[in-house]
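J.:
There are 2 protein chains.
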Amino acid sequence: MAVTADQIVTAAIHHLNEHPTASMAELAEAAGVSRATLHRHFSSRDDLLAALGRRALERWQQAQDAVGLTAAAQESDGDRLRDTLRELLTALVEVADEHGFALTDHAMGVNPDLLHRSDELEEREIALFAAAQRAGVLRADLPVRWISNTWYGLLVAVRESLRRGDVARRDVAGLLVDTFFEGTGS
Amino acid sequence: MAVTADQIVTAAIHHLNEHPTASMAELAEAAGVSRATLHRHFSSRDDLLAALGRRALERWQQAQDAVGLTAAAQESDGDRLRDTLRELLTALVEVADEHGFALTDHAMGVNPDLLHRSDELEEREIALFAAAQRAGVLRADLPVRWISNTWYGLLVAVRESLRRGDVARRDVAGLLVDTFFEGTGS
DNA sequence: ACCATTTGAGACATTAATGTCGCAAAAGAG
DNA sequence: CTCTTTTGCGACATTAATGTCTCAAATGGT
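These protein sequence lines are chains Z and V, in that order.
When the letters of the first sequence are read in order and numbered with the working numbering, they come out as residues 9 to 194.
When the letters of the second sequence are read in order and numbered with the working numbering, they come out as residues 9 to 194.
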């Protein structure tokens, strides 16, 4: 098989990141595949979009697993919690940049399965935030879900910064971590 | 005239905030108007979308003007700059909530006129951020455009928080200002 | 009550994307 | 080399939304 389904998904994500309204024909071309072959792999557009969503969630979960999120959420040591947050944020930079369009796209919010998995991953992070609050690493006076949405919003800022070339790729993780913890005031 | 163009724009914004892919027929219904009448006011879908964009930019500019952004950007007094930032952020909560879908929608990024006006408004804020950096109100070690994107990202967080009911409407401005300046770390 | 204007309803043509199919060419396994 | 599978290409039907048009109803001002 010259081009696998995974490769099509990758190409589609890359293309949709720059052309969010691309048609199936465009996505086929971007993957270097005919429209018929694209339909052989993904029977419908929704099917393809769902695969993109699954890929994004998969990467997100991998980032969580790589830093041992679940174990860390049981942690009470502040320094280790802070490190976990830092590492996770750094790992999520790549996810946000690579799968960014899934971050804001509307087509994602209609698939109950994806929505459910997304909620689960979010809850895992929220558990980490709550642990960090208990350990005094994150402010306890902020609603934990506000922290979660802040976290998400800053990833949108990352994506936008990279897309527009506002900051160098090698600097962005540091800025993100720094801003998340310290804010912009001096 | 029972229903004005402005009222249609208002209804369309409200509807699109919850149903981002709504058709012209849906938008007509949401405005309590026939499809024909909708087309009498806005000859095409792009025309309507452009009107929504103009409305959003208008509100954004009003928020800037209301706090005297241009004058403040010439300011060197830290306390006053901080106040201006606070007031602007507070005013933008409403804009983000009301015109939020324009914040992330792709249809907006293709109209050169809107894009140009949007860049102008953004540059005005960047001038304010730069003044705040010089006055020691905002950290000078952060790229000013990163601050701008952070600002934007936090407004996305506001919109999301309100949409999901994660935080009370009366609390959100305070959380936003607080998080912007101080971050989430303790 | 009368007239001018606006509206709603429905029909219509157009357009663009989607998904299906068949067949010939190409690729790959043995 | 041969046979099997996969691919590309083009044609096709379907669908959904868009934008235009006409005409009768109703709205509103005087």
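Every residue, glycine too, gets a C-beta built ideally from N, C-alpha and C.
Only a predicted model underlies this, so the values are computations on that prediction, with no experimental measurement involved.
With three or more beta-carbon pairs closer than 8 Å as the criterion, would you say the region 124–141 of chain Z touches the region 74–87 of chain Z?
T.: The region 124–141 of chain Z vs the region 74–87 of chain Z: in contact.
J.: For Z/S51, count neighbouring C-beta atoms within 10 Å of its own C-beta (all shown protein chains included) and say buried if the count is 16 or more, exposed if not.
T.: Its Cβ having fewer than 16 others within 10 Å, Z/S51 is exposed.
J.: What are the residues that DSSP puts in a beta bridge with V/G193?
T.: Z/L146, per the DSSP bridge assignment.
J.: Please report how far the alpha carbon of Z/E168 lies from the alpha carbon of V/V152, in whole angstroms.
T.: One C-alpha to the other measures close to 14 Å.
J.: Step through the CB atoms of chain Z and report whether any lies within less than 8 Å of the CB of V/A64.
T.: It does not; no Cβ of chain Z falls within 8 Å.
J.: Tell me whether the beta-carbon of V/L97 lies closer than 8 Å to the beta-carbon of V/V185.
T.: Yes, these two residues count as a Cβ contact at 8 Å.
J.: Taking 8 Å as the CB-CB cut-off, is V/P120 touching chain Z?
T.: Closer than 8 Å: no.
J.: Enumerate in chain order the residues of its own chain whose CB-to-CB distance from Z/A135 is below 7 Å, with the five nearest sequence positions on each side excluded.
T.: Contacts found: A81.
J.: Quick one: is V/G161 near chain Z, going by C-beta distance under 8 Å?
T.: Closer than 8 Å to some Cβ of chain Z, the Cβ of V/G161 qualifies, so yes.
J.: Answer with buried or exposed for Z/E133, where buried requires no fewer than 16 other C-beta atoms within 10 angstroms of its C-beta.
T.: So Z/E133 counts as buried.
J.: Would you say V/S169 faces chain Z, with C-beta separation under 8 Å as the test?
T.: So yes, V/S169 belongs to the interface.
J.: Taking 8 Å as the threshold (beta carbon to beta carbon), is V/R153 in contact with chain Z?
T.: Cβ-Cβ to chain Z under 8 Å: yes for V/R153.
J.: Does the Cβ of V/G161 have 16 or more other Cβ atoms within 10 Å, making it buried, or fewer, making it exposed?
T.: The residue in question, V/G161, is buried, as its Cβ has 16 or more Cβ neighbours within 10 Å.
J.: In three-state DSSP terms, what is V/S51?
T.: Coil, per DSSP.
J.: What span of residues does the alpha helix (DSSP H) with V/N157 cover, start to end?
T.: That run of the alpha helix (DSSP H) goes 152–172.
J.: DSSP on Z/E12, reduced to helix/strand/coil?
T.: Here residue 12 of chain Z turns out to be Thr, not Glu, going by the sequence shown. In the structure shown, Z/T12 sits in coil (DSSP, three-state: anything other than H, G, I, E or B).
J.: Is the Cβ of Z/H114 closer than 8 Å to any Cβ of chain V?
T.: Yes, contact with chain V.
J.: May I have the straight-line CA-CA distance separating V/A10 from V/A58, to the nearest angstrom?
T.: Looking at the two C-alpha atoms, the distance is approximately 23 Å.
J.: Mark V/S42 as exposed unless 16 or more other C-beta atoms lie within 10 angstroms of its C-beta, in which case mark it buried.
T.: When all chains shown are included, V/S42 counts as exposed.
J.: Would you tell me roughly how many angstroms separate the C-alpha atoms of V/V75 and V/E95, rounded to the nearest one?
T.: C-alpha separation (whole angstroms): 7 Å.
J.: Got a sec? Which residues, its chain only, sit under 7 Å from V/G61 by beta carbon, not counting five neighbours each side?
T.: Excluding residues within five positions, the ones whose Cβ falls inside 7 Å are A110, M116, N119, L122.
J.: Residues of chain Z with CB closer than 7 Å to the CB of V/N157, please, in chain order.
T.: The contacting residues are A165, E168, S169, D174.
J.: Which two residues bound the contiguous alpha helix (DSSP H) that contains V/T112?
T.: First-last of the alpha helix (DSSP H) with V/T112: 108–112.
J.: Excluding the 5 residues flanking V/T92 on each side, which residues of the same chain have their C-beta closer than 6 Å to its C-beta?
T.: Excluding sequence neighbours, V/T92 sits near V75, A80.
J.: Cβ of V/A38 within 8 Å of Cβ of V/A13?
T.: No; because the gap between Cβ atoms is not below 8 Å, this pair is not in contact.
J.: Taking the C-alpha atoms as reference points, what is the distance between V/A36 and V/T29?
T.: Answer to the nearest angstrom: the Cα atoms are 14 Å apart.
J.: Report the neighbours of Z/L146 on chain V: residues whose CB is nearer than 7 Å to its CB, in chain order.
T.: Result: T192, G193, S194.
J.: Write down the C-beta distance between V/R147 and Z/S194 rounded to the nearest angstrom, noting that I regard them as a contact closer than 8 Å.
T.: Yes, they are in contact, since the Cβ atoms of V/R147 and Z/S194 sit about 4 Å apart, within 8 Å.
J.: Can you give the beta carbon distance from Z/L46 to Z/L100, rounded, assuming they're within the 8 Å contact cut?
T.: No, Z/L46 and Z/L100 are not in contact; Cβ-Cβ is about 30 Å, not under 8 Å.
J.: In its own chain, which residues sit with a C-beta less than 8 Å from the C-beta of Z/V17, not counting the 5 before and 5 after it?
T.: Contacts found: L56, A59, L60, R63.
J.: Against Z/R50, what residues of chain V qualify as contacts under a CB-to-CB distance less than 9 Å, listed in chain order?
T.: The question names Arg, yet the displayed sequence has Phe at residue 50 of chain Z. Under the 9 Å cutoff, chain V gives no residues; its nearest Cβ is about 20 Å from Z/F50.
J.: Using a C-beta cutoff of 8 Å, does Z/L96 count as contacting chain V?
T.: Z/L96 does not count as touching chain V.
J.: Along the region 13–30 of chain Z, where does the CB come closer than 7 Å to a CB of chain V? Name the residues.
T.: Listed by position, the residues of the region 13–30 of chain Z near chain V (Cβ gap below 7 Å) are P28, T29.
J.: Using a Cβ-Cβ cutoff of less than 7 Å, which residues in the same chain neighbour Z/N25 once the five nearest sequence positions on both sides are dropped?
T.: Excluding sequence neighbours, Z/N25 sits near G108, F109.
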